[in-house]
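**Q**
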Amino acid sequence: MLSLEQIVRDPEKFRAALVRRGEAPPIERILELDSRRKQLIQNADIDRANRNKVSKAIGDEKRKPTPDEITEMRETGDRIKGVEAELSAVLEELDAILLPIPNTPLEDVPDGLDETSNVVIRTSEGETSEHGNAHWDVATKLGILDLEAGASIAGARFFVLKGKGARLQRALAAWMLDVQTDEHGYTEIDPPLLVRGETMTGSGNLPKFKDNLYRDSESDLWLVPTAEVALNGLHQGQIIDAGVLPMKYVAQTPSFRKEHTSAGRDVRGIKRVHQFEKVEMFRYVEPDTSVEALEEMVAEAETLCQRLGLIYRVLKLCAGDIGFQSAKTYDIEVWSPGCAEWLEVSSISTCTDFQTRRNGTRYRPEVGASTRLPHTLNGSGLALPRIWIAVIENGLQEDGSVIIPDVLVPYTGWNRIEAS
RNA sequence: GGAGGGGUGGCAGAGCGGUUGAAUGCGCUUGUCUUGAAAACAAGUAUGUCGGUAACGGCAUCGCAGGUUCGAAUCCUGUCCCCUCCGCCA
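Residue 206 is where the first sequence starts when you use this note's numbering, and the numbers rise one by one after that.
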C-alpha cells in the first residue's frame, strides 16, 4: 500500500509515477476522503475529550452523575457513534481504493507498458543453440516425467516426476538452498503453505489477485503462490529492534497458482504449471540499502545459473511489466535449447516499504528512536521446474541420455540419466 | 471432537467499573559519582493518530471486533491465538 500521508503531500508525483505503469488512480477522491477523515477525527475527539472530562470529574468527586449530565453525555455518546460510523465508512472506502493500487516504480525503471519495453542488461557467454528436442519429449522418453499421470491425478498443468527426474529436482533444490544458506548468509525457513487472508493482503496478493489463488473456504486459508507471502508475514505487526537489520531468509516451498490469467500460454510441458517448487530469497533491509541489496540478490541468482553452466540473461523490467508490489524488478531467464526460448527462472524485486506498510512490520533505526518501515526484497533463487527443464535440455547428448552439471553430483550420486 | 485455564507495556507480573496509559521488579537510555567500569543514586523509557513551524496539547489502543454504562483493562457477546486434560491421528 502507498502512504496516504505522502500521497496527500504530493499527489501529482504519485499520479505521474502510477501513470508510468498504466494506472489512473482516483487521486481526487483520495484527497477528498482524507480531508473528510481528518475532519471526522477532530469532531469525534472533541466530543470524547469532553466526555472524558465529565466522567473523570464524577469519579474524582465520588458522586452520582446528575440527570442533566446523564442526558448530555448520552447525547454526546450518540453523536460520537454517528461520527464514528461515518469515519469507518470513509476508512473503508480509502482502503478499497488504496489496497488495489500498485507500488510506484523507481526513477531508473525504464518506461513502457508491456514486456516489449523490458531491457536486456546483460547476457552470459555462450551460444543459444537449438536442437528441437523439448523437455516434454526428452524427459518423457527417459521415463523421468509423466504428464499423463499428472493429468490423471490432478488435471491439466500438473505433472509427475519419477526416478532420476524426481531426484534431480530434489538435488537442485537442496544444492540451491545450501548455496544460499552456506555462502550467501540466508537463514533457512520452512513456513506454512496455507496462510490467512491478512497475510495474503500484507504481501499484496489480496485483494486484487484472488482469482489466481487457491483457497480453502472452510477454514478461510489460502495456498501460497510463492514463499514470498509467508516470508513477508514473518514479522507482521512487529517492531524489529535496532541493529537487527538486515535479515535474510530463504525457503524452499511449493507455489500454487491457478494461472487463469495465462490460460492459453505455455500449454505444453511443464513451463507453466499449477504447483511448482521454488527456492525463494527474501530480505528485510534499511531503506537506504535496498537498491544495493537488489543488485546483490541478482548476483546471487546469477551465480546459481553460472554454476549450472546455463546460458542466461538479465532483464530490467519496464514500469508497466513489474509486479503489483514491486518498485523495480530484474528477471533472469535461462536458454532452453529444446523449446528455443528464454525461460524466466527468477524475478527479483524491491518492494520498498509497500509490503511493510500493509502488514505493519516496522523497525527502529537506533535504540530509542521512533519506528520506520523497512524495505522488503524478494527473488527466486531459483524456480523449479524451469531450471530442471534447462538442465535436461542442455545436458541432452547425441545418444538421448542426459548429463547433469557437476555441482549436482554430490546430491544425486550420479551424473547421467541413461537413455532407455 | 469433548472439558477446563489464559491472553495487560521490551520481559516478568499487579489491577477486575471511576485521577489506570496502566503498580512493582527486571531490562534499556541519559545524568551524578568514578582514571575507566561495576555498584549506588536521580531522571527518562509503548504505539498510532489529529492539531501545531515547534514546544506542546487532544484522542485512541490492556489479543481482535461488537455491546452495556455518565464512565470499561475491569461487566456481556462473538472471534482469533496460547496452555492443560481426554479422545483421535501422520
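Even for Gly, the Cβ is constructed at its ideal location relative to N, Cα and C.
Measuring straight from C-alpha to C-alpha, what distance separates residue 563 and residue 625?
**A** The sequence position of residue 563 within the first sequence is 358, counting from 1. The sequence position of residue 625 within the first sequence is 420, counting from 1. Each residue's alpha carbon lies about 53 Å from the other.
**Q** Using DSSP with H/G/I as helix, E/B as strand and the rest coil, what is residue 619?
**A** As a first step, residue 619 is located in the first sequence; it is residue number 414 there, counting from the start. It is coil, neither helix nor strand.
**Q** Output needed for residue 331: all residues of its chain with C-beta closer than 7 Å, excluding positions within five of it in sequence on either side, in chain order.
**A** Within the first sequence, residue 331 is the residue found at index 126, counting from 1. If we look at residue 331 and ignore the five residues flanking it on each side, its Cβ neighbours are 516.
**Q** Start and end of the beta strand (DSSP E) containing residue 457?
**A** To locate residue 457, count along the first sequence from 1; it is residue 252. Taken as a continuous stretch (DSSP letters only), the beta strand (DSSP E) holding residue 457 covers 452-461.
**Q** Just the Cα atoms here: how many angstroms apart are residue 503 and residue 535?
**A** Your numbering for residue 503 matches position 298 in the first sequence. Your numbering for residue 535 matches position 330 in the first sequence. Cα to Cα, residue 503 sits roughly 7 Å from residue 535.
**Q** At the level of alpha carbons, what is the spacing between residue 296 and residue 303?
**A** As a working mapping, residue 296 is identified with position 91 in the first sequence. As a working mapping, residue 303 is identified with position 98 in the first sequence. When rounded, the distance between both Cα atoms is 10 Å.
**Q** Nearest-angstrom Cα distance between residue 576 and residue 498?
**A** The count along the first sequence starts at 1 and reaches residue 576 at position 371. The count along the first sequence starts at 1 and reaches residue 498 at position 293. When rounded, the distance between both Cα atoms is 21 Å.
**Q** Skipping 5 residues on each side, what residues in its chain have a beta carbon closer than 6 Å to that of residue 395?
**A** The residue given as residue 395 occupies position 190 in the first sequence. Cβ neighbours of residue 395 beyond the five flanking positions: none.
**Q** Could you please give the first and the last residue of the uninterrupted beta strand (DSSP E) stretch that includes residue 160?
**A** Past the edges of the chain, shown from 206 to 625, lies residue 160, and the structure says nothing about it.
**Q** Based on the DSSP secondary-structure assignment, which residues constitute the bridge partners of residue 337?
**A** Residue mapping note: residue 337 aligns to position 132 of the first sequence, counting from 1. Looking at the DSSP assignment, residue 337 forms no beta bridge with any residue, so it has no partner.
**Q** What are the boundary residues of the beta strand (DSSP E) that residue 244 is part of?
**A** Numbered from its first residue, the first sequence carries residue 244 at position 39. That residue, residue 244, is in no beta strand (DSSP E); its alpha helix (DSSP H) goes 232-265.
**Q** For the stretch 337-369, which segments carrying the alpha helix (DSSP H) assignment without a break, of at least 4 residues, lie completely within its bounds, in sequence order?
**A** 340-347 and 352-359
**Q** Please classify residue 432: does DSSP put it in a helix, a strand, or coil?
**A** As a position in the first sequence, residue 432 is number 227, starting the count at 1. For residue 432, the secondary structure class from DSSP, reduced to helix, strand or coil, is helix.
**Q** Could you check which residue in 490, 596, 361 and 391 has the C-alpha nearest to that of residue 338?
**A** Within the first sequence, the letter at position 133 stands for residue 338. Residue 596 is the option with its Cα nearest to residue 338.
**Q** Relative to the C-alpha of residue 312, which candidate in 522, 619 and 584 has its C-alpha closest?
**A** For the purposes of this step, residue 312 is taken as residue 107 along the first sequence, with counting starting at 1. Selected option, being the one with the closest Cα: 522.
**Q** Expressed to the nearest angstrom, what Euclidean distance is found between the alpha-carbon atoms of residue 477 and residue 460?
**A** Here the question's residue 477 lines up with position 272 in the first sequence. Here the question's residue 460 lines up with position 255 in the first sequence. So the alpha carbons of these two residues sit roughly 12 Å apart.
**Q** Have a look at residue 352 and residue 506 and give me their C-alpha separation to the nearest angstrom.
**A** If you number the first sequence from 1, residue 352 lands on position 147. If you number the first sequence from 1, residue 506 lands on position 301. About 29 Å.
**Q** Is it the case that the stretch 446-455 contacts the stretch 398-408, given that we only count it when at least three CB pairs across the two stretches are under 8 Å?
**A** Fewer than three pairs of CB atoms, one per stretch, sit closer than 8 Å, so the stretch 398-408 makes no contact with the stretch 446-455.
**Q** Do you know offhand how far residue 214's Cα is from residue 607's?
**A** Numbered from its first residue, the first sequence carries residue 214 at position 9. Numbered from its first residue, the first sequence carries residue 607 at position 402. Taking the straight line joining both Cα atoms gives about 60 Å.
**Q** Taking the beta strand (DSSP E) that residue 480 falls in, what are its first and last residues?
**A** Stepping through the first sequence from its first residue, residue 480 is reached at position 275. That run of the beta strand (DSSP E) goes 480-490.
**Q** So residue 541 is in the beta strand (DSSP E); what residue range does that whole segment cover?
**A** Translated into the one-based positions of the first sequence, residue 541 becomes position 336. Counting along the chain, the beta strand (DSSP E) containing residue 541 begins and ends at 533-541.
**Q** Within 7 Å: the Cβ of residue 620 and any heavy atom of the ligand FMN?
**A** Within the structure as shown, the ligand FMN is missing, as the structure has no ligands at all.
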